[in-house]
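So the sequence lines, in the order shown, correspond to chains H and Z.
Mapping to the working numbering: the first sequence position 101 is 105, numbers consecutive.
Mapping to the working numbering: the second sequence position 361 is 391, numbers consecutive.
Here is the structure we will look at.
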Amino acid sequence: MGSNEGNGDEPIAAPKVHPATREMLPDDPLALHGVQLAGDPGLMLQLLVEEYARIGWGAAEIKRLALDPHYQAFHGLRRLYGDEALCRRIDAIVGRCGVLRVKAVEAPQRCEHLVQLEALN
Amino acid sequence: MPTVYNWQIGRSMSYPHEERHPQWQFAFVFNPNRCIGCQTCTMACKSTWTFSKGQELMWWNNVESKPYGGYPQHWDAKLLAMLDEANPGGQVWNPSSAEAQAQPYGVFEGMTIFDAAEKKPRPDGAQRALGYLPADDEWRSPNIHEDTATGNHFQADGQFGGEAQLPEHKVWFFHLARICNHCTYPGCLASCPRNAIYKRPEDGVVLIDQSRCRGYRKCVEGCPYKKSMYRPATRTSEKCIACYPRLEGKDETISPTGAPAETRCMAACVGKIRLQGLVRIEEDGRWAEDPKNPLYYLIRERRVALPLYPQFGTEPNGFYIPPRWAPRNYLVQMFGPGVQHAIEQYSCPDRELLAVLQLFRANRQIVFRYEIEEGPKVGEIEVTMPDGSQKTQELFNDTVIGFNKNNEEVVRVTVEEPTFERPAEAHVNSI
């Protein structure tokens with residue numbers, strides 16, 4: 005007999021209620037207890053766009069990132085400003101800061117006793 | 031308790047073990063300014079090291095969104111509160127004594143976790159570092175409320191639909207990627223009653239000897255960053271091992287000549303926010319002067335990357351370029367008083383700094399030395415300074431060349447002419 009069962013037919017354990025289907029309680033550990041910290045979403049947007057432009061992303065790629073809800077930081081800005089205003093801001097920032105371009109060349113690494121893919125052709 | 035010197039807090043402090051240092055120290059710089067929170071690093075680590083039974087809730091690498099996210103939940107807020115309670119109003123920095131090498135951020139005049147444990151011992155007297163043991167539910171949901179997907183139905187535009195209702199807060203935050211800091215004075219090592227935790231003399235990596243560990247979880251309690259984790263299936267604690275086979279150059283597909291390679295989480299980073307390295311350590315614990323080592327240059331020379339919560343006193347070897355848009359008082363609490371200087375340096379980098387910043391994720395082998403080949407000026411761009419003003423930054427066609435431990439060239443990255451995308455309607459007849 006499991007330890008959560010009583011002598012009679014009634015189980016002792018409380019019935020399971022999924023958190024998504026019940027009201028949030030004041031002492032619920034899933035409730036977010038926090039205070040808002042002062043911060044400037046406008047500055048965040050400006051600097052994020054500059055930052056992505058520094059790694060070579062253009063306006064189109066940056067806008068695409070904002071569309072994806074999985075990238076919460078940027079997507080939150082989209083929800084805040086709306087699509088049109090966000091795109092206008094991104095265009096303006098990228099137009100001003102430019103897109104940094106770099107060319108990276110890695111030295112070839114060859115391990116002689118391992119099979120090399122190009123040798124199979 | 032013996033005393034040791036901690037350069038990050040600019041003073042000596044109590045530590046349960048005598049001061050001893052490795053020849054080289056594993057260290058890294060993360061740049062939260064450009065982290066998009068894609069969790070590729072998290073999954074690279076997970077799929078390599080923590081995919082087995084009992085490791086389900088174990089994330090040696092995690093990315094949390096600050097200020098609200100955390101793994102385990104509220105780990106830093108809890109410890110900061112405990113330290114504040116141990117030393118009310120006394121957790122302050124004196125940055126006026128800042129001096130480049132011995133005290134780059136000034137002196138921390140408050141209590142470290144070791145000071146606090148020594149001065150206010152628990153009734154059982156067993157605690158060597160102030161800390162707490164997170165409850166199971168605190169480990170269960172990494173970054174709860176922050177990166178939670180908002181539903182599971184695709185809408186017509188291909189995006190996820192919104193089913194879950196999540197608490198909303200003002201939109202500003204940044205992603206903080208975290209792994210074990212392989213601290214110089216680890217809280218986990220100090221707390222272990224079995225002496226099962228050790229620091230490797232060759233690279234400073236902190237490891238748990240699984241044959242000695244008995245799963246008391248004192249290391250979980252004593253690590254302020256909560257990067258030591260208990261595995262119920264084996265009844266031992268485990269932690270990040272800095273992918274030491276790669277660090278030793280044992281992966282010959284990456285390092286045919288046996289040169290050290292970056293860890294899995296570093297090598298997987300798509301946002302190019304990570305730079306890993308090994309820095310040479312003098313016998314007295316100072317970082318050997320090595321200005322052409324990219325980590326030494328960023329951390330000690332330019333002070334653009336700062337340790338995470340240096341006031342905890344463990345001398346962590348993970349460093350962060352502070353995110354520029356977060357409130358300064360919040361950043362100072364997190365990275366110490368060097369924040370303003372770091373942000374000023376990073377906002378408008380000069381030629382050399384811009385070149386070194388291109389080495390982030392440029393190659394899988396660890397870069398031990400760089401050289402710069404200077405080129406002509408190729409353009410100007412506008413950058414935003416910490417006060418919100420604009421400044422013009424000159425760009426040069428410079429090439430940074432990275433060399434591995436064997437002094438072989440592994441990568442060269444050249445800055446090229448920038449491109450500008452201007453709104454079409456403003457330039458209808460423009461060429």
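All C-beta atoms in this analysis are idealised placements derived from N, C-alpha and C, irrespective of residue type, glycine included.
- For Z/G409, the enclosing beta strand (DSSP E) begins and ends at 407 to 414.
- Look at H/G43: its C-beta is under 8 Å from a C-beta on chain Z.
- With a threshold of 8 Å between beta carbons, Z/R442 makes contact with chain H.
- Non-local C-beta neighbours of Z/D281 in its own chain, meaning closer than 7 Å and more than five positions away in sequence, comprise P275, A291, ordered along the chain.
- Interface flag for H/A108 against chain Z is set, since a Cβ pair is found closer than 8 Å.
- Using a Cβ distance threshold of 8 Å, Z/I311 and Z/P52 count as a contacting pair.
- Z/I329 carries a helical assignment under DSSP once its states are collapsed to helix, strand and coil.
- No Cβ-Cβ contact shorter than 8 Å links Z/C299 with Z/H205.
- Membership of Z/Q370 in the alpha helix (DSSP H) is indicated by the continuous run 369 to 377.
- Scanning chain Z for C-beta atoms nearer than 9 Å to the C-beta of H/G86 yields nothing, as the closest lies near 13 Å away.
- Close partners of H/I59 in chain Z (Cβ separation under 8 Å): R64, G301, K302.
- Note that the C-beta distance between Z/A385 and Z/I402 is below 8 Å.
- From the listed residues Z/A272, Z/P46, Z/E382, Z/D314, the smallest Cα separation to Z/T444 is found for Z/E382.
- Between Z/P286 and H/G46, the alpha-carbon positions lie close to 48 Å from each other.
- Distance between H/I59 and H/V53, taken at the CA atoms: about 10 Å.
- Per DSSP, the continuous alpha helix (DSSP H) segment holding Z/M73 begins and ends at 70 to 79.
- The bridge partners DSSP lists for Z/H205 are Z/S95.
- Shown here, Z/A128 sits in coil according to DSSP, grouped into three states, outside any helix or strand.
- Contact with chain H is absent for Z/V34, since none of that chain's Cβ atoms lies less than 8 Å from the residue's Cβ.
- Z/C218 has its alpha-carbon roughly 9 Å from the corresponding atom of Z/V236.
- Along the segment 390 to 408 of chain Z, going in chain order, the ones with a CB nearer than 7 Å to a CB of chain H are A392, N393.
- Here Z/D145 is not near Z/M73, since their CB atoms are 8 Å or more apart.
- Segment contact: the segment 329 to 343 of chain Z against the segment 82 to 90 of chain Z, fewer than three CB-CB distances shorter than 8 Å; contact not assigned.
- Here DSSP, grouped into helix, strand and coil, assigns Z/L277 to helix.
- With distances taken between CA atoms, Z/C68 lies nearest to Z/A207 out of Z/T78, Z/A207, Z/F203.
- Within the same chain, and ignoring the five residues on either side of Z/L387 in sequence, the residues whose Cβ sits closer than 7 Å to its Cβ are P379.
- Distances from the CA of Z/I351 to each of Z/C75, Z/C249, Z/A372 were compared; the closest alpha carbon is that of Z/A372.
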